[in-house]
Amino acid sequence: MDITNLMTPAFLVDLPKLKSNIRAMKERARTHGVHLRPHVKTHKTAEIARLQLPNEASGITVSTLAEASFYQKAGFDDITYAFPITPNKLNQAAELTGRLKHFHILLDQFETATAVADYGRDNNVCFSVFLKVDCGYHRAGVDPCAPESVLLAEQMQASKHIRFRGILTHAGHSYHCRNREEIIGVAQQERDVMTEFAERLKQNGIACQTVSVGSTPTAVHAPGWQGVSEIRPGNFAFFDKFQADIGSCSLEEAAATVLTTVVAHYPQHNQMLIDAGALALSKDPGAAHLDEKIVYGTVPGNPLLKIFSISQEHGLITSRAPIAFENFPVGSLLQIIPNHSCLTAALFDKYHVVEGNQVVDEWRPMRGW
Ligand SMILES: Cc1ncc(COP(=O)(O)O)c(C=O)c1O
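Numbering-wise, the sequence shown is residues 278 to 646 according to our numbering.
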């Protein structure tokens with residue numbers, strides 16, 4: 278089937294580009310001797326996870342317990358739930374610990390460590406747990422320089438119901454970078470912070486089986502990962518406009534696009550209306566630190582077109598030059614590279630897998646919490 282037969286808005290996954298992005302990241306991990314534990318929240322499909330792994334025992338990262346359940350049922354049996362656990366989620370975490378060969382959770386609070394240990398004692402469960410570390414993003418994680426962080430690791434290790442797995446960080450501040458050189462700086466900081474902290478823990482008698490880092494920009498550009506065991510990038514499967522803007526990829530490598538229809542022309546305002554609004558593109562502002570004029574995606578081959586305004590179902594395009602409306606007839610199709618493919622993908626219940634203009638498959642991502 279040709280993409281012109283699809284109902285719009287539709288989410289398209291370019292299969293050759295997807296495979297090429299995955300191949301490149303696998304190759305980087307192999308060359309540098311680190312394990313690739315992809316974050317599957319970007320796509321939430323079994324199909325793409327299978328393309329990312331040598332086999333289902335190889336290990337994935339998820340962002341919700343519902344994702345963990347979905348992948349467990351699909352046959353994946355080594356899963357890290359990379360969001361700090363809370364006491365109200367321990368029942369589900371215990372169930373997953375029982376059903377999976379390996380299930381890892383993480384925490385960064387003394388109270389949570391106590392709750393996990395107490396739950397484990399009362400329910401006869403031993404949880405595999407990472408200590409979440411803040412390597413500079415300041416979103417979550419312990420301060421690796423604070424003496425309390427070592428104390429927390431000691432408290433975890435002391436419990437019979439916690440198997441201390443190691444330390445885990447996410448260098449999300451790589452998204453504040455403006456180019457490859459700045460990303461390399463963040464990647465080096467991410468590695469140094471983690472290996473130095475692992476060393477400090479070792480001196481205090483605490484061994485880290487796993488030192489886990491991750492973010493797509495740092496995974497793409499890190500010069501090396503000595504002392505690191507695994508990387509957890511997710512977005513690299515699709516990439517997007519944000520990644521291209523900060524220098525993680527080129528726009529040509531973006532594997533996910535939104536197919537939209539030109540609905541109307543308004544020459545008096547130099548504007549076109551499309552049927553992709555916030556519920557098709559997401560309202561992620563993209564790399565706003567690089568350009569204060571926010572746009573909500575880009576139209577490949579038409580860099581002057583700007584998706585400058587979106588509401589729930591409406592998207593408005595303008596241009597710095599007068600729009601050549603005859604090139605975009607009402608009813609014609611446009612493909613948009615979104616700012617943030619993870620958020621955009623999450624808005625669709627099915628992905629149309631394409632090779633060129635041909636739809637070759639349809640994948641159903643998991644949804645819900
Ligand atoms: C804990 C954690 N690990 C890994 C990732 C993957 O990073 P990226 O989205 O840059 O690929 C994320 C993304 O938010 C994350 O929160």
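Backbone N, C-alpha and C fix where the C-beta goes; we use that ideal spot for every residue, glycine too.
Report whether the distance from the Cβ of residue i to the nearest heavy atom of ligand 1 is below 7 Å.
i: Phe519; result: no
i: His316; result: yes
i: Cys619; result: yes
i: Asn512; result: yes
i: Ala484; result: no
i: Gly418; result: no
i: Gly449; result: yes
i: Thr493; result: yes
i: Ala623; result: no
i: Arg644; result: no
i: Ala359; result: yes
i: Arg457; result: no
i: Thr285; result: no
i: Thr487; result: no
i: Arg440; result: no
i: Thr389; result: no
i: Thr338; result: yes
i: Arg641; result: no
i: Arg305; result: no
i: Arg468; result: no
Checking 8 Å against the spacing of the C-beta atoms, do residue i and residue j come in under that value?
i: His309; j: Ala359; result: no
i: Phe380; j: Thr374; result: yes
i: Cys242; j: Glu467; result: No statement about residue 242 is possible, as the shown extent of the chain runs from 278 to 646 and does not include it.
i: Asp561; j: Leu611; result: no
i: Leu313; j: Met302; result: yes
i: His450; j: Val463; result: yes
i: Gly574; j: Pro615; result: yes
i: Phe353; j: Ala326; result: yes
i: Gln635; j: Asp385; result: no
i: His629; j: Leu383; result: no
i: Glu507; j: Thr487; result: yes
i: Val539; j: Pro606; result: yes
i: Ala363; j: Thr338; result: Note on identity: in this sequence residue 363 is Thr, with Ala being the wrong assignment. No, Cβ-Cβ distance for Thr363 and Thr338 is not below 8 Å.
i: Ile594; j: Gln548; result: yes
i: Met471; j: Val419; result: no
i: Lys366; j: Ser340; result: no
i: Thr537; j: Gly608; result: no
i: Ala423; j: Asn400; result: no
i: Val290; j: Ala533; result: yes
Comparing alpha-carbon positions, which option in the options lies nearest residue i?
i: Gln520; options: Met471, His453, Pro500; result: His453
i: Asn332; options: Asp355, Ser340, Glu344; result: Asp355
i: Ala541; options: Ala553, Ser525, Ala334; result: Ala553
i: Phe516; options: Ser527, Ser506, Gly501; result: Ser527
i: Gln349; options: Gln329, Leu377, Cys422; result: Leu377
i: Val406; options: Gly449, Ala464, Ile613, Ala392; result: Ala392
i: Leu295; options: Ala351, Ala531, Val572, Val311; result: Ala531
i: Pro286; options: His447, Gly574, Val535, Ala514; result: Val535
i: Val427; options: Lys570, Phe474, Leu384; result: Phe474
i: Ser346; options: Arg307, Tyr628, Gln369; result: Gln369
i: Phe602; options: Leu582, Ile587, Ser618, Gly592; result: Leu582
i: Tyr414; options: Gly491, Val339, His546, Thr537; result: Gly491
i: Lys570; options: Met549, Ser596, Ile551, Asn579; result: Ser596
i: Val497; options: Pro580, Ala514, Cys485, Asn365; result: Ala514
i: His546; options: Phe585, Cys422, Met643; result: Phe585
i: Ala499; options: Glu458, Asn512, Lys518; result: Glu458
i: Ala564; options: Gly608, His617, Trp502; result: His617
i: Arg300; options: Gly336, Leu330, Val410; result: Leu330
i: Ile460; options: Pro421, Ala423, Gly501, Leu328; result: Gly501
i: Trp640; options: Gly418, Arg416, His320, Asn400; result: His320
i: Val572; options: Asn604, Ala533, Lys518; result: Lys518
i: Ser489; options: Asn298, Asn579, Ala306; result: Ala306
i: Gln503; options: Ala533, Asp469, Ser297; result: Asp469
i: Ala417; options: Phe387, Gln432, Gln465, Pro361; result: Pro361
Please work out which residues of its chain come closer than 6 Å, Cβ to Cβ, to residue i, disregarding the five sequence neighbours upstream and downstream, and give them in chain order.
i: Asn481; result: Val427
i: Ala323; result: Ala351
i: Gln434; result: Phe441, Ile483
i: Ala598; result: Leu581
i: Ala343; result: Gly645, Trp646
i: Pro510; result: Gly491, Thr493, Ala496
Excluding the 5 residues flanking residue i on each side, which residues of the same chain have their C-beta closer than 7 Å to its C-beta?
i: Leu556; result: Gln589, Glu590, Leu624
i: Ala430; result: Leu408, Phe441, Leu478, Ile483
i: Thr281; result: Leu610
i: Pro577; result: Leu528, Gln612, Ile614
i: Glu632; result: Leu292, Pro293
i: Arg398; result: His438
i: Cys485; result: Gly443, Ile444, Ala475, Leu478
i: Ala394; result: Ser436, His438, Ile439
i: Asp638; result: Val630
Excluding sequence positions up to five away, which residues of its chain have a Cβ less than 8 Å from the Cβ of residue i?
i: Asn456; result: Ile523, Gly524
i: Tyr543; result: Met549, Leu550
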